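*Asks:* Just add 1197 to wherever you are in the sequence shown, counting from 1, and you've got our numbering. Just so it is clear, CB atoms sit at the ideal spot from N, CA and C, and this is done for glycine as well. None of the values given here were measured: they were computed from a predicted structure.
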Amino acid sequence: MSTSEGRLTLVGGSTGEGLPVRVPQAIARASQYLFATQHARGYWHAPLEANATMEAEYVFFNRVLGRERPDVERRLAERLLGLQQADGSWPIYYNGPGGLSATIEAYFALKLTGMNGTEPALARARDFIRGQGGLARAGVFTRIWLAYFGQFPWAGVPSLPVELVLLPPWFPLNIYAMSSWARGTVVPLTLLMAHRPAVRIEPDAGVSELWLGPPTREELAFARSPELVTMRNFFLAVDRALKSLAPFSWRGLRRRAVARAIEWILRHQDTNGQW
């Protein structure tokens, strides 16, 4: 596969010896691999890998909790550096093109572990990030992580009110309209968004150098779809409405929502302490 003008294209095209022929071949190869790697007792066992954001966010996680784990951070930094590509970026999938948000998170994590911004690896990453538009073009979850550390303005983070957990099942945007894995992420995230933790870091560990200039309201906003009526434009309108209503939030309702979110999270915890 190759990328061209922002589109993903299957090498060989979609006609002739392209898509109709290559898809069954790919399915057959994948099936053969799965059968070949199946354990004799019928199950599969293999490492679950993602991208560099997992290592980076574990660094963030420890800092949010106030934990110092220098040996772990040293190994995480080595892992991150080993995943960096020649252009200074980190991909979101193996051998893929550089991902802006993944690169921002890896860059910040390396600085938090003590790496100096003048190091060649970070200089290459910085050039890549700035070349892609800088922090103003970061994705939602990257913005949230950066905001916890005071590196991104909350005004540029989408609203996710904890009162969402109080919406009844018949309401279109209730949490049970989401997939199971999304619920397990969104409910805890609403609590964090309600409390907005502020993690202090050393000034030289920040990433202000990744801004191309002082961020404006227009730069922080997510782009609207060209079409007038789309789900993206709908949620952007909802976000604007929620931001305008935020100063008038009712404290009693907020306390009730926070309590409900905490109860929901604890009720869905596994017996081994995990989620």
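#1: Just the Cα atoms here: how many angstroms apart are LEU1417 and ALA1395?
#2: Looking only at its own chain, which residues have a Cβ that is under 8 Å from the Cβ of ARG1327, when we skip the five neighbours before and after it?
#3: Between GLY1403, LEU1389, ASN1371, PRO1358, which has its C-alpha nearest PHE1445's C-alpha?
#4: Would you kindly work out how many angstroms separate the C-alpha atoms of TRP1378 and GLN1222, rounded to a whole number?
#5: What are the boundary residues of the alpha helix (DSSP H) that includes ASP1324?
#6: So, is ILE1224 buried or exposed, given that buried needs 16 or more other C-beta atoms within 10 angstroms?
#7: So what does GLY1410 bridge to, in DSSP terms?
#8: Confirm, please, whether the CB-CB distance from SER1298 to ALA1335 is below 8 Å.
#9: Please list the terminal residues of the continuous alpha helix (DSSP H) segment that includes ALA1395.
#10: Rounded to the nearest angstrom, what separates ARG1271 and ARG1219 at their Cα positions?
#11: Check this for me: beta carbons of GLU1302 and THR1234, under 8 Å apart or not?
#12: Just to confirm my understanding: we take ALA1454, look at its own chain, exclude 5 residues before and 5 after, and list those with CB closer than 7 Å. What are they?
#13: With VAL1256 as the anchor, note down where its alpha helix (DSSP H) starts and where it stops.
#14: Please determine, among PRO1350, PRO1412, SER1376, TRP1342, the residue with the shortest C-alpha to C-alpha distance to LEU1386.
#15: Closest by CA to TYR1291, which one among GLU1246, TYR1255, HIS1242, ALA1344?
#16: Rounded to the nearest angstrom, what separates LEU1442 and ALA1283 at their Cα positions?
#17: Answer yes or no: do LEU1273 and THR1310 have a C-beta to C-beta separation smaller than 8 Å?
#18: Would ALA1320 and LEU1277 be called neighbours here (beta carbons separated by less than 8 Å)?
#19: Measure the alpha-carbon distance for ARG1204 versus GLY1331 and round it to whole angstroms.
#20: Does GLN1281 pass the burial test, meaning 16 or more other C-beta atoms within 10 Å, or should it be called exposed?
#21: Sort THR1468, ARG1264, ARG1457 by Cα distance to PRO1365 and report the nearest one.
#22: Helix, strand or coil: which one does DSSP assign to PRO1355?
#23: Using the Cα positions of ARG1264 and TYR1373, report the straight-line distance between them to the nearest angstrom.
#24: Does GLY1295 come out as helix, strand or coil in the three-state DSSP assignment?
#25: Would you mind reading off the limits of the alpha helix (DSSP H) that contains PHE1419?
#26: Rounded C-beta distance between GLY1296 and GLN1348? I'm assuming under 8 Å.
#27: Are PRO1412 and PRO1350 close, meaning C-beta to C-beta below 8 Å?
*Replies:* Put simply:
#1: Looking at the two C-alpha atoms, the distance is approximately 20 Å.
#2: The residues are LEU1407, LEU1409.
#3: Among GLY1403, LEU1389, ASN1371, PRO1358, the Cα nearest to that of PHE1445 belongs to PRO1358.
#4: Computed Cα separation, rounded: 32 Å.
#5: For ASP1324, the enclosing alpha helix (DSSP H) begins and ends at 1317-1328.
#6: By the 16-neighbour rule on beta-carbons within 10 angstroms, ILE1224 is exposed.
#7: Answer by DSSP bridge pairing: none, since GLY1410 is not bridged.
#8: Yes. Within cutoff.
#9: Careful: ALA1395 lies outside any alpha helix (DSSP H) and carries neither H nor E.
#10: Computed Cα separation, rounded: 43 Å.
#11: One thing to note: GLU1302 has its Cβ no nearer than 8 Å to the Cβ of THR1234.
#12: Excluding sequence positions up to five before and after ALA1454, its CB lies within less than 7 Å of the CB of VAL1359, GLU1360, VAL1362, LEU1363, all in the same chain and listed in chain order.
#13: Its alpha helix (DSSP H) spans residues 1249-1261.
#14: Comparing Cα-Cα distances from LEU1386 to each of PRO1350, PRO1412, SER1376, TRP1342, the minimum goes to TRP1342.
#15: Of the residues GLU1246, TYR1255, HIS1242, ALA1344, the one whose Cα lies closest to the Cα of TYR1291 is GLU1246.
#16: Whole-angstrom Cα-Cα distance: 46 Å.
#17: Yes, they are a contact pair.
#18: In terms of Cβ geometry, ALA1320 and LEU1277 do not form a close pair [threshold 8 Å].
#19: Residue placement at ARG1204 is poorly supported in this model, since its pLDDT is 40, which falls under 50; the coordinates still yield a value, given next. Taking the straight line from one Cα to the other gives about 22 Å.
#20: GLN1281 is buried by the Cβ-count criterion.
#21: When each option's Cα is compared against that of PRO1365, the closest is ARG1457.
#22: Three-state DSSP puts PRO1355 in coil, outside helix and strand.
#23: C-alpha separation (whole angstroms): 34 Å.
#24: Assigned with DSSP and collapsed to three states, GLY1295 falls in strand.
#25: That residue, PHE1419, is in no alpha helix (DSSP H); it is neither H nor E in DSSP.
#26: About 18 Å; that fails the 8 Å criterion.
#27: For the 8 Å CB-CB criterion, PRO1412 and PRO1350 form a contact.
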